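Counting from 5, one number per residue, gives the positions in the sequence shown under the numbering used here. Some notes on the structure that comes next.
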Amino acid sequence: MQQGEICADLYLRLSLDREGKTAIERQEADCRAWAARHGLPVRQVHVDRGKSGYRDVTRKGFEAAKQAVRTGAVPALIVWKLDRLSRKGTAEVGPLLEEFARVGGRLVSVMDGLDSSRHGDRLAMCSLSEWARAEVETQGERIRHAKQYLRGRGRWIGGQPPYGLRVDADSGRLEPDPDTAVYARLIADEALAGRPLVRIARMLNEYEIPAPRGGLWQVGSLSQLLRAPAFGGLLPETETVWDEARGCRKYTGVVRPYLDPGTGNPVEVGEGIVTVEEQRRITRELESRTRLRGDGLKRPARGPSHLLTGLLHCGVEGCGARMSRNGTSYVCQGVRLGHTCPGARAMAASVEHAVIGAFLGRNPALAAEWERSDVSRRRAFLAGAVEGVWVARAPGRGHRFDPGKRLRIVWAGEGRTE
């Protein structure tokens, strides 16, 4: 493309980006064909995959496309259809048309046959943008009514059921999945026996039982599964709160059992992996292991009893997982979960001695108080002075712990290492 040549950019958007869908490619082909017919070489293509044109989400492609016209990089922006540009109505399209007109730019909608540089087309664009907004709101209302209808009959309303369950095609209710229910029940039995989630995850990974989305099991995914209302045969509902800025309700991500509006009781959605009472026992056990901090976040109920838990990190390249005390050693958490990291490991006494020596060497005035302090107090001293400690993997067994070769301390606020 020659410098100074009149050209155009394309903007393409797809709300749901699923594997095998060709909508983006078809949009681009139609837009390029229109540009070629009108003698406008395409300079750049801006794409937003899996992005809503109605919700308040960041669309990097959209912002870049607008900026290209605003700055004069291109005089025209071509979209396949106006609702691909935006579904927010004149609140977004109107100001955009004004900005383009101010710098001599134009907006072209291929399938709508509209060009903002033509007399009367701006009015049509504003009208179509409002129709696009109304269509989304009407569709949303239909979906809400459909979900309410299904909830009233105890049927699954969509989405992936919890691990170990599937949707019966005839009844629309949940039933055990013959391929995974046995493993889901094993997870429940281990949790009911009070096994730590990290141990359950390690067991599943050691036996190469894939997680619901593939890959390895994690503590977080197990906790989410065991707490899911549908795991106990109850219909779930995602909690919403009122958003003052947008004037509508928004989802919080908190999932709870759906309560029948008439009776106030939870609604069954089929057969779960556990009974409601079993799930209550599991939830109580999990809750007993955490405490709610002042900032609203949950943390382990008991403070770590070992000096460097939470400060040590695995120094193997590409890992960086935290290390925790296991017997007489600190071990990479990735190894404990059964991950592929070969894992750093250090004798607890040696690594603690090295870190304490480095800390007191920098803070000799604290030596006396350090000796009088318990583990909790000592951890507080270290937490205030150290951002993290990385432990490299030993070259072989039987090697003496060498802090100079295996230890890297990052001091808080300095970014320096020793």
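Each residue gets a CB set at the ideal place from its N, CA and C atoms; glycine is no exception. Here the structure is a predicted model, which is why all the values come from computation and not from measurement.
If you scan the region 313–389 from start to end, which runs of the beta strand (DSSP E) of 3 or more residues do you find wholly inside it? 316–318, 327–330, 333–336 and 349–351
Note the first and the last residue of the continuous beta strand (DSSP E) segment covering L18. The sequence position of residue 18 within the sequence shown is 14, counting from 1. Here the beta strand (DSSP E) through L18 covers A12 to L18.
Measure the alpha-carbon distance for A3 versus R326 and round it to whole angstroms. For the chain, the structure presents residues 5 to 422; residue 3 sits outside this window and is missing.
Does DSSP classify D119 as helix, strand or coil? Walking along the sequence shown from the start, residue 119 turns up at place 115. Correct three-state label for D119: strand.
Identify the continuous beta strand (DSSP E) that holds Q48 and give its terminal residues. Residue mapping note: residue 48 aligns to position 44 of the sequence shown, counting from 1. It spans V46 to R53 - the beta strand (DSSP E) in which Q48 sits, taken as one unbroken run.
Please say whether V359 and V335 have beta carbons closer to each other than 8 Å? Taking the first residue of the sequence shown as 1, we reach residue 335 at position 331. Taking the first residue of the sequence shown as 1, we reach residue 359 at position 355. No, the pair does not count as a contact, with Cβ atoms beyond the cut-off.
Minimum C-alpha distance to R177 - residue among G276, L81 and I213: Here residue 177 is taken as the residue at index 173 of the sequence shown, counted from 1. Per the Cα distances, G276.
Between G338, W160 and Q31, which has its C-alpha nearest L14's C-alpha? Along the sequence shown, read from residue 1 onward, the residue named residue 14 stands at position 10. Looking at the Cα atoms, Q31 is the closest of the given residues.
Taking Cβ positions, are V271 and G237 nearer each other than 8 Å? Working through the sequence shown from its first residue, we reach residue 271 at position 267. Working through the sequence shown from its first residue, we reach residue 237 at position 233. Result no, Cβ atoms of V271 and G237 do not sit closer than 8 Å.
In the DSSP output, what is L111 paired with across the bridge? Here the question's residue 111 lines up with position 107 in the sequence shown. Answer is L81, bridged to L111.
For E134 and R122, the rounded distance between their alpha carbons: Translated into positions along the sequence shown, residue 122 becomes position 118. Translated into positions along the sequence shown, residue 134 becomes position 130. Cα-Cα distance, rounded: 20 Å.
Determine the closest residue to R157 out of L263, W221, G257 and V114, with distance taken between C-alpha atoms. Here the question's residue 157 lines up with position 153 in the sequence shown. Nearest of L263, W221, G257 and V114 to R157, Cα basis: L263.
Distance, Cα to Cα, K85 vs G388? As a working mapping, residue 85 is identified with position 81 in the sequence shown. As a working mapping, residue 388 is identified with position 384 in the sequence shown. Approximately 56 Å, taken between the alpha carbons.
Where do the ends of the alpha helix (DSSP H) carrying W425 lie? Here the chain comprises residues numbered 5 to 422, so residue 425 is not present and cannot be evaluated.
Exposure label - G43; buried when at least 16 CB within 10 Å: Mapped onto the sequence shown, residue 43 falls at position 39. Under this definition G43 is an exposed residue.
Kindly list the residues whose CB is nearer than 7 Å to the CB of Q426, restricted to its own chain and excluding five residues on each side of it in sequence; keep chain order. No statement about residue 426 is possible, as the shown extent of the chain runs from 5 to 422 and does not include it.
Spatial neighbours of S90 in its chain, beta-carbon cut-off 6 Å, leaving aside the 5 residues before and after: Taking the first residue of the sequence shown as 1, we reach residue 90 at position 86. For S90, where only same-chain residues beyond five positions count, the Cβ hits under 6 Å are G57, E96 and V97.
Compare the C-alpha of S227 against each of R126, E145 and R199 and name the closest. Stepping through the sequence shown from its first residue, residue 227 is reached at position 223. Nearest of R126, E145 and R199 to S227, Cα basis: R199.
Helix, strand or coil: how does DSSP classify I413 here? Translated into the one-based positions of the sequence shown, residue 413 becomes position 409. Assignment of I413 by DSSP, reduced to helix, strand and coil, places it in the strand class.
Closest by C-alpha distance to R231, when choosing among V278, P216 and A197: The residue you call residue 231 lines up with position 227 of the sequence shown. It is V278 whose Cα lies nearest to the Cα of R231.
So is A37 buried or exposed if we call it buried at 16+ other beta carbons inside 10 Å? The residue given as residue 37 occupies position 33 in the sequence shown. Looking at its Cβ environment, which holds fewer than 16 other Cβ atoms inside 10 Å, A37 is exposed.
Looking only at C-alpha atoms, which of S354, G361 and E321 sits nearest to C345? One-based indexing of the sequence shown puts residue 345 at position 341. Of the candidates S354, G361 and E321, E321 places its Cα closest to the Cα of C345.
How big is the Cα-Cα spacing for G24 and E356? Counting from 1 along the sequence shown, the entry for residue 24 is found at position 20. Counting from 1 along the sequence shown, the entry for residue 356 is found at position 352. Legend: pLDDT at G24 = 47, less than 50; position of this residue unreliable, no value from coordinates given.
Report all residues from its chain with a CB closer than 6 Å to the CB of R381; omit the five preceding and five following residues, and keep chain order. The sequence position of residue 381 within the sequence shown is 377, counting from 1. Leaving aside the five residues that flank R381 on each side, none in its chain has a CB nearer than 6 Å to its CB.
Please name the residue in V395, D406 and F405 whose C-alpha comes closest to that of V414. For the purposes of this step, residue 414 is identified with residue 410 of the sequence shown, where counting begins at 1. Checked all of V395, D406 and F405; the closest Cα to V414 is V395.
Would G93 and R137 qualify as a contact pair, given that the criterion is a beta-carbon distance under 8 Å? Position 89 of the sequence shown, counting from 1, holds the residue named residue 93. Position 133 of the sequence shown, counting from 1, holds the residue named residue 137. For G93 and R137, yes; Cβs fall inside 8 Å.
Using only alpha-carbon positions, find the residue among L20, L411, V46 and L132 that is nearest to G316. Taking the sequence shown and counting its residues from 1, one reaches residue 316 at position 312. Here residue 316 is Leu; the residue named in the question, Gly, does not match the sequence. Taking only the C-alpha atoms, the option nearest L316 is L411.
To the nearest angstrom, how far is the alpha carbon of V280 from that of G168? Here the question's residue 280 lines up with position 276 in the sequence shown. Here the question's residue 168 lines up with position 164 in the sequence shown. Their backbone Cα atoms lie some 16 Å apart in a straight line.
Between which two residues does the beta strand (DSSP E) carrying V171 extend? As a working mapping, residue 171 is identified with position 167 in the sequence shown. Counting along the chain, the beta strand (DSSP E) containing V171 begins and ends at L169 to V171.
Whole-angstrom C-beta distance between G109 and A128, which should lie under 8 Å: Here residue 128 is taken as the residue at index 124 of the sequence shown, counted from 1. Here residue 109 is taken as the residue at index 105 of the sequence shown, counted from 1. With a Cβ gap of about 18 Å, A128 and G109 do not count as contacting.
Under the DSSP definition of a beta bridge, which residues are partnered with W394? In the sequence shown, the residue the question calls residue 394 occupies position 390. The partner list for W394 (beta bridge, DSSP) reads H317 and R412.
Tell me the DSSP bridge mates of G274? Along the sequence shown, read from residue 1 onward, the residue named residue 274 stands at position 270. Answer is L178.
Can I286 and L196 be called in contact, C-beta distance under 8 Å? Here residue 286 refers to the residue found at position 282 of the sequence shown. Here residue 196 refers to the residue found at position 192 of the sequence shown. Taking 8 Å as the Cβ cut-off, I286 and L196 qualify as a contacting pair.
Chain-order list of residues whose beta-carbon lies under 6 Å from that of S19 (same chain, five-residue window excluded): Here the question's residue 19 lines up with position 15 in the sequence shown. Cβ within range, chain order: S56.
L311 and V379 closer than 8 Å at C-beta: As a working note, residue 311 is residue 307 in the sequence shown. As a working note, residue 379 is residue 375 in the sequence shown. Cβ atoms of L311 and V379: closer than 8 Å.
Note down the Cα distance separating Q6 from P45, rounded to an integer number of angstroms. The sequence position of residue 6 within the sequence shown is 2, counting from 1. The sequence position of residue 45 within the sequence shown is 41, counting from 1. With a pLDDT of 47 at Q6, under the threshold of 50, the predicted position of this residue should be treated as unreliable, though the coordinate-derived value follows. The alpha-carbon atoms of Q6 and P45 are separated by roughly 10 Å.
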